[in-house]
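*Asks:* Please find one structure pasted underneath; my questions will follow.
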Amino acid sequence: MTPSPTQTEERTAPPAGPGAAGPAADSAADSAAAEGTPPEESTATQPAEEQEPVQDAVFDLQDVSVRYGSFIAVGDITMKVPRHQVTAFIGPSGCGKSTLLRCLNRMNDLVPGASVTGELIYNGENVYAPDVDPAEVRRRIGMVFQKPNPFPKSIYENVAFGPRLNGFSGDLDGLVQQSLERVGLWSEVKDKLKESGHALSGGQQQRLCIARAIAVEPDVLLMDEPCSALDPIATLKIEDLIHQLKSTYSIVIVTHNMQQAARVSDRTAFFSVNIDDHQGMRTGRLVEYDRTTKIFNNPAQQRTEDYVTGRFG
Amino acid sequence: MSVITDQKPQDPPPGLRSRKRRRVADPAFRWFVTITGTSVFIILAAMVVRTTTEAWPIFQHQGFFGFLTGDRWVSGGSRSDDPADFTGVYGAWPFIYGTLVTALIAIVLALPLALCIAFYINQLAPRRLRKPLSYTVEMLAAVPSIVFGMWGLFWLVPNVLRPFFEWLESWAGGFFLFEGPVFGPGYLAAGIVLAIMILPIITAIVREVIAVNPMDQQNAAYALGATRFEVMRKVILPSSFSGIVGASMLGLGRAVGETIAVMMLIGSTKSWDSSLLQRGDSMAALIASLFKEATPEGVRGLMAIGVALFLFTMVINVAARLLVWRIGRVAGDAAV
Ligand SMILES: Nc1ncnc2c1ncn2[C@@H]1O[C@H](COP(=O)(O)OP(=O)(O)OP(=O)(O)O)[C@@H](O)[C@H]1O
Ligand SMILES: [Mg+2]
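Going down the list, the sequences are from chains A and B.
Reading the first sequence from the start, the letters are residues 1 to 313 in the UniProt record's numbering.
Reading the second sequence from the start, the letters are residues 1 to 336 in the UniProt record's numbering.
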């Protein structure tokens, strides 16, 4: 289950190279900018600590809590999600990873009873400000779901759906081809663009969904366990794709696969469930958030170590 | 199976053989299902054959085409079944027109409204109102048509429709569909009340079809920046298309076959006029109003109308299937 340290280094190091402003610059400027982020205060028994502050944040969360009715699913999340990097959310089932992910692009608005408190700043704008249009938020912050969900339309129409929706008036054929090429699906489907998207294999469908998401040229891509329904080969293809995409997109990925988190992400946030003794409420908390190498090799928290080494569910 | 074959080595072990109880029950069940299943066809066929034979002399007397296009209806008094003895004239066009026009008015008014109501209940209404609203719609679908007919005739026509028709006539009376004089009862009055009658059933079905639309596809559209309206129009409506056509056909079928309410509201004249404000009759209403006093020859005439009505609904159904099939093929819809 646990990735060997060498493997982790190997897989995460190369992609960091070209994007020079990435983690390397991050760590260099680390000590100088240490006062940039205030120290986290948390009501959790073990405070979430961020050792290395994020310099160029696409999301800045301040005390974000998400409720379903009166049930607090995740509480007091304070973190910054870096731009043009991959951030992984890991943690046991039910700790609110999907919930937090969905609230980043206001997909939670569609869940009855869901409400968000705290500040969620995306590129300097509060995503939950009253005059913000959720549809516009979602256009900029795309999402890929756990289960591949192509429309019952042709492959072409699937990819063209978003651009059409947003009034794209350029070379649609070119855009479809380019999007399919980016996910490595073009050569596999170029002769059957008119066929139903449902006629593809699961892995192809998931890549089609990613192509559909990037065809609207979003800024951020949120992925909720995008590989959980796929075989190892399809999974590797999608991981390669994530590596390629991060030069242009900021990616947040939820995964239950430790190796995957170690392989694809630059930063990892570990969430866990705190049980409130008075009400027995199970609230998800951010336990530790740091460079992925740190989380997997030298975590600051005992709970993180237990989880990533597989000693705790 | 015999004991000898059972002991052949290549046979499956005896544990896999079906038990006696199943060997008996299975064929019995199969027979039962087959008989009940086929009896539906037998009943249907018997009805069609019987009606058509009764009506046959009328078609011979009038010619099938003449029957459909003739615009005079006079029942004759002959007791024989020889078309040569018939004394009546049987032209069904006024009633075909009445049925066609009232049903079309009904569906044209009801379908868009039903879509809006279903969409409202499913997507926009406050959550705690959704259940009560959809129950109300379903309850309305069960209101007997005579109630609609009475309400239409004694309240809606004098209070709402007549003034509206007068306004319509003064404004568009030159157009052949809205020529006066205004009576109140007539094609349009019947069509509007029919629309109200079929609205609940169409709404109820469309609402159900919309409700089972897969959430994950809607989420996919939302995640691409679609608004609720866009999700409705581009995701839910296309994949609910066949269900919506089905609902419309059910509504249309009800409108075409509706007898009592139409009889009360259409004005019951045997002449016909293209203007929607005029009085006329429909096929179903004509049968209901004439069969009691009909002579044997007249009954045959009504049977012929029945056959035409049946053909009419069959054509509608086939057309609906073709539509679903074609659109499904064009849209690359895997659901069809
Ligand atoms: N639509 C909802 N309505 C009410 N409660 C919900 C809803 N969705 C999730 N929850 C609750 O919120 C908590 C967090 O759920 P969430 O799906 O975010 O967990 P997760 O970390 O993604 O789990 P998993 O790893 O199993 O996907 C859970 O206790 C869950 O029961
Ligand atoms: Mg989840």
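We put the CB at the ideal spot given by N, CA and C, even for glycine.
Which residues bound the alpha helix (DSSP H) around valine 137 of chain B?
*Replies:* To locate residue 137 of chain B, count along the second sequence from 1; it is residue 137. Per DSSP, valine 137 of chain B belongs to the alpha helix (DSSP H) from 127 to 140.
*Asks:* Give the residues from the stretch 159 to 192 of chain A that approach chain C closer than 8 Å (Cβ to any Cβ), ordered along the chain.
*Replies:* Within the model displayed, chain C is absent; protein chains A and B are what it includes.
*Asks:* Taking the alpha carbon of alanine 304 of chain B as the point to measure from, which residue in B/Ile42, B/Pro57, B/Thr36 has its own alpha carbon closest?
*Replies:* Residue numbering aside, residue 304 of chain B sits at position 304 when the second sequence is read from its first letter. Nearest C-alpha to alanine 304 of chain B: B/Pro57.
*Asks:* Given that a residue counts as buried once 16 or more other Cβ atoms are within 10 Å of its Cβ, and exposed if not, what is leucine 311 of chain B?
*Replies:* Translated into positions along the second sequence, residue 311 of chain B becomes position 311. Classification of leucine 311 of chain B: exposed, given that the 10 Å Cβ count is below 16.
*Asks:* Listing by chain order, which chain A residues have their CB less than 7 Å from the CB of alanine 226 of chain B?
*Replies:* Looking up residue 226 of chain B in the second sequence gives position 226. Near alanine 226 of chain B (Cβ distances below 7 Å), the residues of chain A are Ala135, Leu165.
*Asks:* With a Cβ-Cβ cutoff of 8 Å, do alanine 308 of chain B and alanine 92 of chain B count as a contact?
*Replies:* Start at 1 with the first residue of the second sequence, and residue 308 of chain B comes out as number 308. Start at 1 with the first residue of the second sequence, and residue 92 of chain B comes out as number 92. Yes, they are a contact pair.
*Asks:* Just the C-alpha distance for valine 137 of chain B and glutamate 305 of chain A, rounded to the nearest angstrom, thanks.
*Replies:* On the second sequence, position 137 is the one that residue 137 of chain B refers to. On the first sequence, position 305 is the one that residue 305 of chain A refers to. Between valine 137 of chain B and glutamate 305 of chain A, the C-alpha separation is close to 57 Å.
*Asks:* Which class does threonine 259 of chain B belong to by DSSP, given the choice of helix, strand or coil?
*Replies:* Within the second sequence, the letter at position 259 stands for residue 259 of chain B. In this structure, threonine 259 of chain B counts as coil in the three-state DSSP scheme.
*Asks:* Report yes or no: is there a C-beta of chain A within less than 8 Å of the C-beta of arginine 127 of chain B?
*Replies:* If you number the second sequence from 1, residue 127 of chain B lands on position 127. Cβ-Cβ to chain A under 8 Å: yes for arginine 127 of chain B.
*Asks:* Indicate the three-state DSSP secondary structure (helix, strand or coil) for valine 182 of chain B in the structure shown.
*Replies:* Residue numbering aside, residue 182 of chain B sits at position 182 when the second sequence is read from its first letter. Note: valine 182 of chain B maps to coil in three-state DSSP.
*Asks:* Using the C-alpha atoms, what's the distance from valine 206 of chain B back to lysine 270 of chain B?
*Replies:* Counting from 1 along the second sequence, the entry for residue 270 of chain B is found at position 270. Counting from 1 along the second sequence, the entry for residue 206 of chain B is found at position 206. Computed Cα separation, rounded: 37 Å.
*Asks:* Assign proline 57 of chain B to one of three DSSP states: helix, strand, or coil.
*Replies:* Taking the second sequence and counting its residues from 1, the one referred to as residue 57 of chain B is at position 57. In the structure shown, proline 57 of chain B sits in a helix (DSSP, three-state: H, G or I).
*Asks:* Quick one: any contact between the stretch 138 to 157 of chain A and the stretch 223 to 239 of chain B, if contact means 3 or more CB pairs under 8 Å?
*Replies:* Enough Cβ pairs lie closer than 8 Å, so yes.
*Asks:* With DSSP as the reference, please indicate the residues paired to isoleucine 198 of chain B in a beta bridge.
*Replies:* Against the second sequence, residue 198 of chain B aligns to sequence position 198. Its beta-bridge partners do not exist; DSSP assigns none.
*Asks:* Look at the alpha carbon of arginine 254 of chain B and the alpha carbon of phenylalanine 229 of chain B, and state the distance between them as a whole number of angstroms.
*Replies:* Position 254 of the second sequence, counted from the first residue, corresponds to residue 254 of chain B. Position 229 of the second sequence, counted from the first residue, corresponds to residue 229 of chain B. The straight-line gap from Cα to Cα measures roughly 30 Å.
*Asks:* Does the beta-carbon of cysteine 209 of chain A have 16 or more other beta-carbons within 10 angstroms, so that it is buried, or is it exposed?
*Replies:* As a working note, residue 209 of chain A is residue 209 in the first sequence. Per the 10 Å Cβ criterion, buried.
*Asks:* May I ask which residues mark the beginning and end of the beta strand (DSSP E) holding isoleucine 155 of chain A?
*Replies:* Counting from 1 along the first sequence, the entry for residue 155 of chain A is found at position 155. That residue, isoleucine 155 of chain A, is in no beta strand (DSSP E); its alpha helix (DSSP H) goes 155 to 165.
*Asks:* With DSSP run on the structure shown, which of helix, strand or coil describes tyrosine 97 of chain B?
*Replies:* Locating residue 97 of chain B in the second sequence gives position 97, where the first residue counts as 1. In this structure, tyrosine 97 of chain B counts as helix in the three-state DSSP scheme.
*Asks:* Counting along the chain, where does the beta strand (DSSP E) carrying glutamine 62 of chain A start and finish?
*Replies:* Translated into positions along the first sequence, residue 62 of chain A becomes position 62. Note, glutamine 62 of chain A: beta strand (DSSP E), 57 to 68.
*Asks:* Report the rounded CA-to-CA distance for arginine 138 of chain A versus glutamine 302 of chain A, giving the unit in angstroms.
*Replies:* On the first sequence, residue 138 of chain A is found 138 positions in, with the first residue counted as 1. On the first sequence, residue 302 of chain A is found 302 positions in, with the first residue counted as 1. Roughly 36 Å separates the two Cα atoms.
*Asks:* Count the other CB atoms within 10 Å of the CB of alanine 142 of chain B; is the residue buried (16 or more) or exposed (fewer)?
*Replies:* On the second sequence, residue 142 of chain B is found 142 positions in, with the first residue counted as 1. Alanine 142 of chain B is exposed by the Cβ-count criterion.
*Asks:* Can you check DSSP and say which residues form a bridge with lysine 246 of chain A?
*Replies:* Working through the first sequence from its first residue, we reach residue 246 of chain A at position 246. Per DSSP, none; premise fails for lysine 246 of chain A.
*Asks:* Just the C-alpha distance for glutamate 217 of chain A and arginine 140 of chain A, rounded to the nearest angstrom, thanks.
*Replies:* In the first sequence, the residue the question calls residue 217 of chain A occupies position 217. In the first sequence, the residue the question calls residue 140 of chain A occupies position 140. Between glutamate 217 of chain A and arginine 140 of chain A, the C-alpha separation is close to 7 Å.
*Asks:* Taking the alpha helix (DSSP H) that glutamate 181 of chain A belongs to, which residues open and close that run?
*Replies:* Position 181 of the first sequence, counting from 1, holds the residue named residue 181 of chain A. 172 to 182 is the extent of the alpha helix (DSSP H) around glutamate 181 of chain A.
*Asks:* Please report the straight-line C-alpha distance between glutamate 258 of chain B and leucine 252 of chain B, rounded to a whole angstrom.
*Replies:* As a working note, residue 258 of chain B is residue 258 in the second sequence. As a working note, residue 252 of chain B is residue 252 in the second sequence. When rounded, the distance between both Cα atoms is 10 Å.
*Asks:* So, helix, strand or coil for arginine 291 of chain A, using DSSP?
*Replies:* For the purposes of this step, residue 291 of chain A is taken as residue 291 along the first sequence, with counting starting at 1. Strand, per DSSP.
*Asks:* At 4 residues or longer, what runs of the alpha helix (DSSP H) sit wholly inside the stretch 182 to 241 of chain A?
*Replies:* Complete alpha helix (DSSP H) runs here, min 4: 186 to 189, 202 to 214.
*Asks:* When every heavy atom of ligand 1 is checked, does at least one fall within less than 7 Å of the C-beta of alanine 73 of chain A?
*Replies:* On the first sequence, position 73 is the one that residue 73 of chain A refers to. Correct: alanine 73 of chain A has its Cβ closer than 7 Å to ligand 1.
*Asks:* Could you tell me the distance, in whole angstroms, from the CA atom of leucine 322 of chain B to the CA atom of methionine 79 of chain A?
*Replies:* For the purposes of this step, residue 322 of chain B is identified with residue 322 of the second sequence, where counting begins at 1. For the purposes of this step, residue 79 of chain A is identified with residue 79 of the first sequence, where counting begins at 1. When rounded, the distance between both Cα atoms is 57 Å.
*Asks:* Quick one, which of A/Thr283, A/Gly174, A/Ser265 has its alpha-carbon nearest isoleucine 275 of chain A's?
*Replies:* Position 275 of the first sequence, counting from 1, holds the residue named residue 275 of chain A. Answer by Cα proximity: A/Thr283.
*Asks:* With a threshold of 8 Å between beta-carbons, can glycine 142 of chain A be considered close to chain B, or not?
*Replies:* Indexing the first sequence from 1 puts residue 142 of chain A at position 142. At least one chain B Cβ lies under 8 Å of glycine 142 of chain A.
*Asks:* For residue 339 of chain B, which residues from the same chain have a beta carbon less than 7 Å from its beta carbon, with the 5 sequence-adjacent residues on both sides left out?
*Replies:* Since the first and last residues shown for chain B are 1 and 336, residue 339 of chain B lies out of range.
*Asks:* Within the same chain, show all residues whose beta-carbon is closer than 6 Å to that of methionine 283 of chain B, passing over the 5 residues directly before and after it, in chain order.
*Replies:* What you label residue 283 of chain B is simply residue 283 of the second sequence in a count that begins at 1. The answer, listed in chain order, is Phe95, Thr99, Ile305, Leu309.
*Asks:* Would you kindly work out how many angstroms separate the C-alpha atoms of threonine 248 of chain A and alanine 57 of chain A, rounded to a whole number?
*Replies:* Stepping through the first sequence from its first residue, residue 248 of chain A is reached at position 248. Stepping through the first sequence from its first residue, residue 57 of chain A is reached at position 57. So the two alpha carbons sit approximately 14 Å from each other.
*Asks:* Interface residues of chain B around lysine 147 of chain A at Cβ under 9 Å?
*Replies:* As a position in the first sequence, residue 147 of chain A is number 147, starting the count at 1. Under the 9 Å cutoff, chain B gives Asp216.
*Asks:* Going by DSSP, which residues form a beta bridge with lysine 80 of chain A?
*Replies:* The sequence position of residue 80 of chain A within the first sequence is 80, counting from 1. Paired residues: A/Asp60.
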